[in-house]
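Accompanying notes for the structure given below.
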Amino acid sequence: MDISPEEYQRRGEYLEALKTMKKTAYVEIARILRKHNIQISENRSGIFFDMAKLPQVVFDELVQLRGFIDNNNKELQQRESSLEEARHALEA
C-alpha cells in the first residue's frame, strides 16, 4: 500500500501525538487494530505496528479516537476549572 508524502507526514504527526496519550488510549488503539485484523506485536513496552501500512479506514478511525480523547480532555479541564472557581468563591 503506497501513501502520499502528505499522508505519510500526517501519520508521523499522529505517532508523535501517541507519545502523550494515556494507557487507556493505547488499549483503545489496540482494540481498533484487532477489530480490523491488523498485525501487532506486544511486549512489556507496549504495542507495535506499522503505521505506514495501515489501511486508510483504520487510520481514520484512529484519528477519530484521538479527536474524541482530545475533546474529552478539554471538557474535563473546563469542568475542573469551574469547580476550582466555585471552591474559591465558597471560601471567600
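Counted from 1, the sequence shown has number 124 at position 57 by the numbering used here; the numbering is strictly sequential. Glycine is no exception: its CB is placed at the ideal position from the N, C-alpha and C atoms.
By the Cβ-count criterion, L129 is buried, with 16 or more other Cβ atoms from all chains shown falling within 10 Å of its own Cβ.
Membership of I105 in any alpha helix (DSSP H) is not indicated, and neither H nor E is assigned to it by DSSP. Bridge pairing for E109: I114 [DSSP]. Sorting V125, K89, T87, T91 by C-alpha distance to the C-alpha of L100 places V125 at the top. Rounded to the nearest whole angstrom, the CA to CA distance from L82 to A119 is 11 Å. Cα atoms of E151 and L132: separation of roughly 28 Å, rounded to the nearest angstrom. Distances from the CA of M88 to each of E147, L157, E142, D137 were compared; the closest alpha carbon is that of D137.
For D69, the three-state secondary structure derived from DSSP is coil.
CA-to-CA, the gap between F115 and E109 works out to about 6 Å.
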